[in-house]
Amino acid sequence: MIVIPRGKILSARDCGTVWQLYYELDGDGLGVVNFDHRPFSYFYEGATGRSFYDDYKFGAGREYISKHLRGRRISVEGEPFEEVVRLED
């Protein structure tokens, strides 16, 4: 049986060339998903219904973006940098 990591988003962090999405694993532990900017913006817009670029404000809105994702539940499948992230909300 394949175990699919699931958990609650804790924060999103802009690391320059990638975004890191930190989530609390169900059961125990911390998970991290790495996104390139464009796929992250698509994920953000699909998850929140908001415009990534309006909220990002050329970097000034990083915390605002993290706040809008915090607490949402996700499942993660695949290898690092090739993960498929699904909302469970």
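So the sequence shown is numbered by the numbering used here: it starts at 3 and just counts up by one. Ideal Cβ positions, reconstructed from N, Cα and C, are used throughout, including at glycine.
- In the displayed model, residue 62 falls within coil according to three-state DSSP, outside both helix and strand.
- Less than 9 angstroms separates the beta-carbon of residue 49 from that of residue 71.
- The three-state secondary structure of residue 77, taken from DSSP, is strand.
- Comparing alpha-carbon positions, the option among 42, 28, 80, 29 lying closest to residue 15 turns out to be 42.
- Around the beta-carbon of residue 85, 16 or more other beta-carbon atoms lie within 10 Å, marking it buried.
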